[in-house]
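Enquirer:
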Ligand SMILES: Nc1ncnc2c1ncn2[C@@H]1O[C@H](COP(=O)(O)OP(=O)(O)O)[C@@H](O)[C@H]1O
Ligand SMILES: Cc1ncc(COP(=O)(O)O)c(N)n1
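In our numbering, the protein residues as written are 1 to 493.
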């Protein structure tokens, strides 16, 4: 994996209690795999109860800080937070316009106006200046009261109203809006990336029962900027940021910081030993994003039984029967990928895999099944229908085919590692892992990565959806034997 660590600049206010502002930004950037830098636009005296005082540096000094960074360091993304007054905003706008003239550095603007505690963080007369700055941003991340100010409307009370206001703002300022539903009542916390045409992508987490959410907005926007610098994709960055932030909020009560609204646990996942993806690779983020599906597969009675040899013969043969049926259509879909492939290399890759899949795997199944091939189950049919439904767009089809390589290779390498001479499924497990299949998997990942990097936003979203759906189908497929049938939604709806 590449170790091309991206440089993320936060331009924001200081929170000496460490939960919001530049302190939160630097922790968030580090947690999400970036190198953090900070230009201080305001000093606050605040803690978990509220803001006591604000000191704003002279605008020329802000300019000195900005130039000190941009004269020396390549900036891969910028996150902007508290700006205090119109003088600060004007200076920043001029610097940003000049910087973006020479390189199109992505900008996430969190239009901080009022702290959770109710304290003002932006002068009332600075609104027009902020509107001019917004034209130099790629994404705005307002909370509901801030969105209402920008949209010149009453604060939304439903998610539908939030989306309408965000669309209007996106159209007016030619930006994406990350609309946040944290201030709504209800058991869910929805967020969505919205452009002038509507919702590009929505993510939802359960509302966690904690009062420790000081600095969530700062942390979210910094995570978004960092993941964007790493992936070049806003939808993927939203998914990754939301997942990280939700876990950071879930870990907030482990900290003991103040007696008011405490901070989130920015680095808790790192301390807990969760793998930190520092690779600048879009496919790696996909892999991380299906973590719960992968651990679902690992936890299945079928997989555990196959690993330790306790799986019943009938279950094993049921699986082989469905697998044989699956592989026939799967080979056809790979042939379709070969047909759509724009390069000879890709064309050959898919054709070889289609043929290899038919020859090797069907031979094995026939030997074991002795021609007793059953009817396809609803689960098998649902997976195949999904693959066939992706067959019109090469990039989307490649994304849909990828989990069958990647998950199979991942599960297979662990199953093969548990194999031994007297294992009842010894010869079967031995076929689960091979250097050739590892090589094919690496190549399938690379084909998908190249397509993803070159794709437009809509295609990227469709690729991710196809990949995620196929990953879920992998889980349902493995879960269809008697041992697992209860308790897993088989995705046949
Ligand atoms: N109690 C909570 N449980 C889960 N997520 C939350 C909670 N409170 C806030 N969030 C999330 O934190 C992010 C920022 O929240 P929000 O309150 O909308 O903005 P801000 O922090 O800017 O006021 C959103 O993704 C929101 O869903
Ligand atoms: C320096 C600074 N910047 C931003 C916020 C807003 O954070 P929150 O809305 O979570 O209080 C803050 N309290 N302090």
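No residue lacks a Cβ here, since even glycine has one placed at the ideal position from N, Cα and C.
Just the Cα atoms here: how many angstroms apart are residue 89 and residue 52?
Expert: Counting from 1 along the chain shown, the entry for residue 89 is found at position 89. Counting from 1 along the chain shown, the entry for residue 52 is found at position 52. Roughly 22 Å separates the two Cα atoms.
Enquirer: CB-CB under 7 Å to residue 432, same chain, minus the five flanking residues each way: which ones, in chain order?
Expert: As a first step, residue 432 is located in the chain shown; it is residue number 432 there, counting from the start. For residue 432, where only same-chain residues beyond five positions count, the Cβ hits under 7 Å are 412, 415, 416.
Enquirer: Which same chain residues, not among the five before or five after residue 403, have their C-beta less than 6 Å away from its C-beta?
Expert: Position 403 of the chain shown, counting from 1, holds the residue named residue 403. Closer than 6 Å at Cβ, skipping near neighbours: 470, 471, 474.
Enquirer: Taking the C-alpha atoms as reference points, what is the distance between residue 457 and residue 190?
Expert: Indexing the chain shown from 1 puts residue 457 at position 457. Indexing the chain shown from 1 puts residue 190 at position 190. Answer to the nearest angstrom: the Cα atoms are 21 Å apart.
Enquirer: In whole angstroms, what is the alpha-carbon distance linking residue 349 and residue 282?
Expert: As a first step, residue 349 is located in the chain shown; it is residue number 349 there, counting from the start. As a first step, residue 282 is located in the chain shown; it is residue number 282 there, counting from the start. Approximately 21 Å between the Cα atoms of the pair.
Enquirer: Nearest to residue 48 by alpha carbon, out of 22, 17, 110?
Expert: What you label residue 48 is simply residue 48 of the chain shown in a count that begins at 1. For the residues 22, 17, 110, the minimum Cα distance to residue 48 belongs to 17.
Enquirer: Could you work out which residue in 394, 63, 21 is closest to residue 460 when comparing CA atoms only?
Expert: Taking the chain shown and counting its residues from 1, the one referred to as residue 460 is at position 460. With distances taken between Cα atoms, residue 460 lies closest to 394.
Enquirer: What are the partner residues of residue 557, as DSSP defines its beta bridges?
Expert: Because the chain here runs from 1 to 493, residue 557 falls outside it and cannot be looked at.
Enquirer: Within the same chain, show all residues whose beta-carbon is closer than 6 Å to that of residue 76, passing over the 5 residues directly before and after it, in chain order.
Expert: Your numbering for residue 76 matches position 76 in the chain shown. Correct list, in chain order: 6, 7, 229.
Enquirer: Kindly give me the distance between the Cβ atoms of residue 239 and residue 289, rounded to whole angstroms, as I take these residues to be in contact under 8 Å.
Expert: Residue 239 sits at position 239 when you count from the first residue of the chain shown. Residue 289 sits at position 289 when you count from the first residue of the chain shown. Correct: roughly 6 Å between the Cβ atoms.
Enquirer: Which residue's Cα is closest to the Cα of residue 236: 476, 477, 464, 481?
Expert: Within the chain shown, the letter at position 236 stands for residue 236. The residue with the shortest Cα to Cα distance from residue 236 is 464.
Enquirer: Give me the Cα-Cα distance between residue 9 and residue 429, rounded to the nearest whole angstrom.
Expert: Stepping through the chain shown from its first residue, residue 9 is reached at position 9. Stepping through the chain shown from its first residue, residue 429 is reached at position 429. Spanning the two alpha carbons is a distance of roughly 49 Å.
Enquirer: Judging by CA-CA distance, which residue of 217, 101, 45, 56 is the nearest neighbour of residue 25?
Expert: Taking the chain shown and counting its residues from 1, one reaches residue 25 at position 25. Nearest of 217, 101, 45, 56 to residue 25, Cα basis: 217.
Enquirer: Alpha carbon to alpha carbon, how far is residue 152 from residue 169?
Expert: Counting from one through the chain shown, the residue named residue 152 turns up at place 152. Counting from one through the chain shown, the residue named residue 169 turns up at place 169. Rounded to whole angstroms, residue 152 to residue 169 spans 10 Å at the Cα level.
Enquirer: Looking only at its own chain, which residues have a Cβ that is under 7 Å from the Cβ of residue 56, when we skip the five neighbours before and after it?
Expert: The residue given as residue 56 occupies position 56 in the chain shown. Residues 42, 84, 85, 88 of the same chain have their beta carbon placed closer than 7 Å to that of residue 56, with the five preceding and five following residues left out of the count.
Enquirer: Which of the three DSSP states is assigned to residue 215 in this structure?
Expert: The residue you call residue 215 lines up with position 215 of the chain shown. Coil, per DSSP.
Enquirer: Is the beta carbon of residue 201 sitting closer than 7 Å to the one on residue 193?
Expert: As a working note, residue 201 is residue 201 in the chain shown. As a working note, residue 193 is residue 193 in the chain shown. Yes, the Cβ-Cβ distance between residue 201 and residue 193 is below 7 Å.
Enquirer: For residue 174, name the three-state secondary structure that DSSP assigns.
Expert: Along the chain shown, read from residue 1 onward, the residue named residue 174 stands at position 174. DSSP places residue 174 in coil when its eight states are reduced to three.
Enquirer: Is it buried or exposed, residue 286, if we count other Cβ atoms within 10 angstroms and call 16 or more buried?
Expert: Locating residue 286 in the chain shown gives position 286, counting from the first residue. Its Cβ being crowded by 16 or more others within 10 Å, residue 286 is buried.
Enquirer: At a cut-off of 6 Å, is residue 172 close to ligand 2 when judged by its beta-carbon and the heavy atoms of the ligand?
Expert: Residue 172 sits at position 172 when you count from the first residue of the chain shown. Answer for residue 172: no, Cβ out of range of ligand 2.
Enquirer: Give the straight-line distance between the Cα atoms of residue 401 and residue 347, rounded to the nearest whole angstrom.
Expert: Here residue 401 corresponds to residue number 401 of the chain shown, with the count starting at 1. Here residue 347 corresponds to residue number 347 of the chain shown, with the count starting at 1. Near 14 Å, if we compare the C-alpha coordinates of residue 347 and residue 401.
Enquirer: Taking the beta carbon of residue 259 as the centre, do at least 16 other beta carbons fall within 10 Å, making it buried, or is it exposed?
Expert: Counting from 1 along the chain shown, the entry for residue 259 is found at position 259. With fewer than 16 other Cβ atoms within 10 Å, it is exposed.
Enquirer: Is there contact between the segment 242-255 and the segment 147-163, where contact requires at least three CB pairs shorter than 8 Å?
Expert: no
Enquirer: Roughly how far, in whole angstroms, is the beta-carbon of residue 224 from the beta-carbon of residue 241, given that I think they are within contact range, below 8 Å?
Expert: The residue you call residue 224 lines up with position 224 of the chain shown. The residue you call residue 241 lines up with position 241 of the chain shown. Contact flag correct, Cβ pair sits at about 5 Å.
Enquirer: What separation, rounded to the nearest whole angstrom, lies between the Cα atoms of residue 232 and residue 453?
Expert: As a position in the chain shown, residue 232 is number 232, starting the count at 1. As a position in the chain shown, residue 453 is number 453, starting the count at 1. Cα to Cα, residue 232 sits roughly 8 Å from residue 453.
Enquirer: Can you determine whether any heavy atom of ligand 1 sits closer than 6 Å to the C-beta of residue 183, and answer yes or no?
Expert: Position 183 of the chain shown, counted from the start, is the residue given in the question as residue 183. Yes, Cβ of residue 183 sits closer than 6 Å to a heavy atom of ligand 1.
Enquirer: Three-state secondary structure (DSSP) at residue 53?
Expert: As a position in the chain shown, residue 53 is number 53, starting the count at 1. It is a strand residue.
Enquirer: Under 7 Å, do residue 227 and residue 478 count as touching if we go by C-beta distance?
Expert: As a first step, residue 227 is located in the chain shown; it is residue number 227 there, counting from the start. As a first step, residue 478 is located in the chain shown; it is residue number 478 there, counting from the start. Contact flag unset, no.
Enquirer: Tell me whether residue 44 counts as near ligand 2, meaning its Cβ is closer than 6 Å to at least one heavy atom of that ligand.
Expert: Taking the first residue of the chain shown as position 1, residue 44 is located at position 44. Yes, Cβ of residue 44 sits closer than 6 Å to a heavy atom of ligand 2.
Enquirer: I'd like the list of long-range same chain contacts for residue 20, defined as Cβ closer than 7 Å, with 5 residues on each side in sequence excluded.
Expert: Locating residue 20 in the chain shown gives position 20, where the first residue counts as 1. The answer, listed in chain order, is 214, 215, 218.
Enquirer: Starting from residue 14, follow its DSSP beta bridges and name the residues at the other end.
Expert: By 1-based counting over the chain shown, the position of residue 14 is 14. Per DSSP, 43.
Enquirer: For residue 310, tell me which candidate among 11, 321, 424, 467 has the shortest Cα-Cα distance.
Expert: Within the chain shown, the letter at position 310 stands for residue 310. Residue 424 is the option with its Cα nearest to residue 310.
Enquirer: Give me whichever residues DSSP pairs with residue 169 in a beta bridge.
Expert: The residue you call residue 169 lines up with position 169 of the chain shown. Per DSSP, none; premise fails for residue 169.
Enquirer: Using 7 Å as the threshold, is the C-beta distance between residue 466 and residue 390 below it?
Expert: Position 466 of the chain shown holds residue 466. Position 390 of the chain shown holds residue 390. Taking 7 Å as the Cβ cut-off, residue 466 and residue 390 qualify as a contacting pair.
Enquirer: Under three-state DSSP, which class holds residue 191?
Expert: Walking along the chain shown from the start, residue 191 turns up at place 191. Residue 191: strand per DSSP, three-state reduction.
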